[in-house]
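Reading through the structure tokens given below for one structure.
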Amino acid sequence: MKTRFTLALLIGLVSAIVIVSCKKSQDLDLSASRQPENTEVTSVYTQGMRLENGSLLCGGVTLTTPTQVNVNESFDITASIECGRVSIERGYILAGDDITKIYKDLSCATADLEWEPLTGFECYDYDANWSGSFAEPGDYIFRTKHNAADGNCDRRGGQDKTGECSFSGNELYCFVIEAVDGCETSFTGEAIACGTEREAVYTFTSKDAQSYIKIQGGLTNFTGADAGVIVTDATGMTISQWTTGGSSNRVIKVEGSVDACETILIRIRWNSTNSGGVVTGSWSVKDGNGVELALAVPGLTCTD
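Residue numbers for the sequence shown follow the numbering used here, beginning at 1 and rising by one.
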């Protein structure tokens with residue numbers, strides 16, 4: 001009787017240990033599938049390796065993405081893989097109302113991160129692509145989720161690669177894109193030298209790319225041969241100049257295209273019969289429709 005009781009007790013104890021072990025294993029599996037984002041980055045995410053072409057190799061995902069963009073500048077994220085499926089997600093936290101999503105000024109280690117999908121799962125031999133922009137400066141976080149399961153990939157024309165991934169379940173890579181304030185459109189002028197030998201410099205910076213701009217203005221009391229006009233930090237600009245009617249004023253025109261945040265510097269040297277006073281007329285910069293891109297620069301005045 002005592003032997004039977006001891007044996008029953010031993011069997012019960014072993015069964016309890018097995019049940020507890022299975023439950024822990026299930027808990028671990030569920031935890032792995034949720035991938036809690038409030039842990040340290042190294043314990044959650046795959047480490048990336050920068051390739052020679054500038055892209056990143058993150059586990060089985062080849063990721064092409066900028067690290068910094070200007071506010072309101074469109075950019076692309078592309079993730080390609082060799083096995084399984086991949087999706088792109090964006091991270092956020094909830095404000096105190098538990099409704100408003102906060103996307104900026106986050107890191108991959110921010111507590112209570114949540115994720116929203118930007119793309120569905122794309123199969124191997126296909127790329128996951130997303131294009132977007134940021135309205136405000138700050139740090140924005142994204143991640144790729146690489147799932148080892150082929151799913152329906154074989155039906156899309158790929159070869160069966162079941163089991164070829166170097167991992168099982170989900171593999172995650174987190175990365176940050178910084179949005180910064182871009183340049184502002186500006187147009188300025190400065191009188192450098194006065195007297196009978198004069199020099200002035202005009203500087204124009206365009207916030208947006210323009211397929212055509214025209215920078216034009218006059219030089220007062222012009223004498224001698226054509227003015228010397230040098231345009232720097234720009235390519236393909238055309239320079240022309242002429243005298244209007246019987247006037248002694250010379251008109252200078254610089255036209256062409258500019259890229260976003262490109263700065264054009266125009267340096268003009270010329271001779272004049274008068275010294276001192278206002279040495280130029282008003283200068284303006286306009287687009288192809290004649291719309292002023294910046295405030296005109298009034299006549300420059302010499303002070304020496």
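Where is the CB? At the ideal position from N, CA and C, for every residue including glycine.
Over what stretch of residues does the beta strand (DSSP E) that includes Asn70 continue unbroken? 68 to 70
Touching or not, the segment 72 to 81 and the segment 98 to 111, by the rule of three or more beta carbon pairs under 8 Å? no
Is there contact here, the segment 131 to 148 with the segment 85 to 96, by at least three beta-carbon pairs under 8 Å? yes
Answer with buried or exposed for Trp283, where buried requires no fewer than 16 other C-beta atoms within 10 angstroms of its C-beta. Answer is buried; the Cβ neighbour count reaches 16.
Indicate whether Ile81 and Thr65 have their beta-carbon atoms separated by less than 7 Å. no
Assigned exposure category for Arg50 - 16 Cβ within 10 Å defines buried: exposed
Tell me, please, which residues DSSP counts as bridged to Ile268. Answer is Ala200, Val229, bridged to Ile268.
If I measure Cβ to Cβ from Thr205 and keep anything under 6 Å in the same chain, skipping five residues before and after, which residues do I get? Cys183, Ser186, Thr263
Look at the alpha carbon of Tyr124 and the alpha carbon of Glu164, and state the distance between them as a whole number of angstroms. 11 Å
Below 7 Å between beta carbons: does that hold for Val180 and Pro137? yes
When you compare only the Cα positions, how much space is there between Cys108 and Thr235? 41 Å
If you count every other CB in all the chains shown that lies within 10 Å of the CB of Glu197, and 16 or more means buried, which is it? exposed
If we ignore side chains and look at the alpha-carbon of each, how far apart do Val251 and Cys302 end up? 19 Å
Helix, strand or coil for Val86, going by three-state DSSP, please let me know. strand
Own chain partners of Ala193 with C-beta closer than 7 Å, once the 5 adjacent residues on each side are dropped: Around Ala193: Glu199.
In the DSSP assignment, find the unbroken beta strand (DSSP E) run with Glu116 in it and report its ends. 114 to 117
Which of helix, strand or coil DSSP assigns to Val251: strand
For Val285, which of helix, strand or coil comes out of DSSP? strand
The beta strand (DSSP E) spanning Leu219 covers which residue range? 210 to 219
For Gly218, collect the residues of the same chain with a Cβ closer than 7 Å to its Cβ; drop the 5 residues on either side in sequence, then sort them by chain order. If you ignore the 5 residues before and after Gly218, its C-beta comes within less than 7 Å of the C-beta of Asn249, Arg250, Val251, Thr280, Gly281, all in its own chain and listed in chain order.
Three-state class that DSSP yields for Cys153 in the structure shown: Three-state result, Cys153: helix.
Whole angstroms is fine: what's the gap from Asp29's alpha carbon to Gly169's? Bear in mind that the predicted position of Asp29 carries a pLDDT of just 30, short of 50, making it too unreliable to give a figure here.
Where does Ile213 land, buried or exposed, given buried means 16+ other C-beta within 10 angstroms? buried
Look up Met49 in the DSSP assignment and give the residues it is bridged to. Leu57
Take the Cβ of Ala128 as the centre, count every other Cβ of all protein chains shown within 10 Å, and call the residue buried at 16 or more, exposed below. Under this definition Ala128 is a buried residue.
For Asp98, the first and last residue of its enclosing beta strand (DSSP E): Counting along the chain, Asp98 falls outside any beta strand (DSSP E), and DSSP gives it neither H nor E.
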